[in-house]
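Chains as they are written, first to last, in this note's numbering: chain A, 55 to 288; chain B, 7 to 193.
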């Protein structure tokens, strides 16, 4: 094996020193399932979907720096089974009703669940009571679908320099995204539909108004190809 | 036909289907398998189903449930299916996760009934229906796997006919049903 490569599911993957396992895998066209990781932002390893086994130990591939000679297991039945369980936990924790969600077909949570063959939510549903915020003229927020990936927090802080979204609260039902305005409403912030944060949401929380079905169901991002293809080619 | 030369009829699998808190859209999608239903009836015969109008489920190999559980009658029917069917399948979004009816779950049942039947302007104010023939609604709508053990799940709203066909032919051939990209849909 040459100097700067590691083994991913038995295949040698080259990397540039400083790259994470996730970055190197994506550059090589290899899909590691993920939700809270986005190439534009610093990884924080919180969704755990990208967990791989590096030399036999569980580790988040989005935060682990690639190192020469490491043997990494990714799409093994054991890891995909754990990923499916993580997805099922996310599905029952929120209110994910795909038939009535305009993000359906463009949703990374849904596409990842398809890719991993999630056939049922398995667990009992929480059916939580979460708010919808339609106060902004151009953007709708539906927190029923939030998976707390915090990409909107990062995008608003780092790309837009606005700090519109913050992570707040504690505990299973308390932790949530809070809008940084006195009223707690998005309409009272300087948030704009052109902000990076307006198009970063992997699920159907941050939605642009009046364009929900501009692209019809069946012709959307993950309708053409599964997440395992789309996520390494975009 | 000469009975002596006829090959013995293969035992057909017995299948029951029902819709609980659903819209019958999954059954409509089932009918969208079109002429393939002729191939299907070579392999199965129907017990309780909207197709036969049999009112109670007898011993079956396969039970297919559309819809979630929203009232007391749904619970009884679901238990009847579980008791009689060797394999029970949740078909469609409502059976799998409660679907559209479950979107009432964060609201109080009494508030909903009062708003719909008593206070909302523009609706007939005949009072909350209370006929003893009507099954009592449950406080929450439940996916069916929260009430009985479910063997297989077939998501979709509705599952496309091709997905239902793939699922059934896999199952009837003794394979674990596999849908894959394009057939596995939650919407």
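Each residue gets a CB set at the ideal place from its N, CA and C atoms; glycine is no exception.
Contact of residue 270 of chain A with chain B by beta-carbon distance below 9 Å is absent, the smallest such distance being about 12 Å.
Among the residues facing chain B, residue 168 of chain A is included, as its CB has a counterpart in that chain under 8 Å away.
Close to residue 181 of chain A, with beta-carbon spacing below 8 Å, are these residues of chain B in chain order: 104, 108, 111, 112 and 146. The Cβ of residue 168 of chain B sits no closer than 8 Å to any Cβ of chain A. Nearest C-alpha to residue 73 of chain B among B/63, B/62 and B/106: B/106. When C-alpha distances from residue 277 of chain A are compared across A/161, A/101 and A/224, the shortest belongs to A/161. With a cut-off of 8 Å on Cβ pairs, the region 90-100 of chain B is in contact with the region 161-171 of chain B, counting three or more such pairs. Excluding five sequence positions before and after residue 156 of chain A, the CB atoms of its chain that fall closer than 7 Å to its own CB belong to 258, 261, 266 and 267, given in chain order.
The C-alpha of residue 175 of chain B lies about 20 Å from the C-alpha of residue 174 of chain A. Comparing alpha carbon positions, the residue from A/126, A/203, A/130 and A/227 closest to residue 97 of chain A is A/203.
When CB distances to chain A are screened at a threshold of 8 Å, the residues of the region 149-163 of chain B falling below it are 149, 151, 152, 156, 158, 159, 160, 161 and 163, in chain order.
Residue 184 of chain B sits exposed, since fewer than 16 C-beta atoms from the chains shown fall within 10 Å of its C-beta. Counting of Cβ neighbours within 10 angstroms places residue 196 of chain A among the buried residues, the total reaching 16 or more.
At a Cβ-Cβ threshold of 8 Å, residue 170 of chain A and residue 87 of chain A count as neighbours. Here DSSP, grouped into helix, strand and coil, assigns residue 173 of chain B to helix. Not flagged as an interface residue toward chain B: residue 197 of chain A, since no C-beta distance is shorter than 8 Å.
In terms of beta-carbon proximity, residue 151 of chain A lines the interface with chain B, with at least one pair separated by less than 8 Å. In the structure shown, the three-state DSSP call for residue 76 of chain A is helix. Residues of the region 67-92 of chain A with a C-beta less than 8 Å from any C-beta of chain B: none at all. The beta carbon of residue 275 of chain A sits closer than 8 Å to the beta carbons of 159, 160, 165 and 284 from its chain, once the five residues preceding and following it are set aside; these are given in chain order. Residues of the region 224-237 of chain A whose Cβ lies closer than 9 Å to any Cβ of chain B: none.
Here residue 191 of chain B is buried. Its C-beta has 16 or more other C-beta atoms within 10 Å. With 16 or more other Cβ atoms from the protein chains shown falling within 10 Å of its own Cβ, residue 108 of chain B counts as buried.
In this structure, DSSP gives residue 84 of chain B a helical state, which the three-state scheme calls helix. Counting only runs of 4 or more residues that sit fully inside the region 118-156 of chain B, no alpha helix (DSSP H) segment turns up. Beta-bridge pairing by DSSP links residue 158 of chain B to B/95. Nearest in C-alpha terms to residue 210 of chain A, of all of A/108, A/282 and A/250, is A/250. By the neighbour-count criterion, in which a residue is buried when 16 or more other Cβ atoms sit within 10 angstroms of its Cβ, residue 199 of chain A is buried. Taking 8 Å as the threshold, the shortest C-beta distance from residue 33 of chain B to chain A does not fall below it.
Under the three-state reduction of DSSP, residue 94 of chain A is assigned to coil, being neither helix nor strand. Taking 7 Å as the cut-off between beta carbons, the residues of the region 178-190 of chain B near chain A are 187 and 190, in sequence order. Rounded to the nearest angstrom, the gap between the Cα atoms of residue 103 of chain A and residue 242 of chain A is 34 Å.
Excluding sequence positions up to five before and after residue 50 of chain B, its CB lies within less than 6 Å of the CB of 18, 19 and 21, all in the same chain and listed in chain order. The Cβ-Cβ distance between residue 168 of chain A and residue 82 of chain B does not fall below 8 Å. Within chain A, the residues whose beta carbon sits less than 7 Å from that of residue 192 of chain B are 152 and 164, listed in sequence order. Residue 108 of chain A and residue 118 of chain B have their C-alpha atoms some 53 Å from each other.
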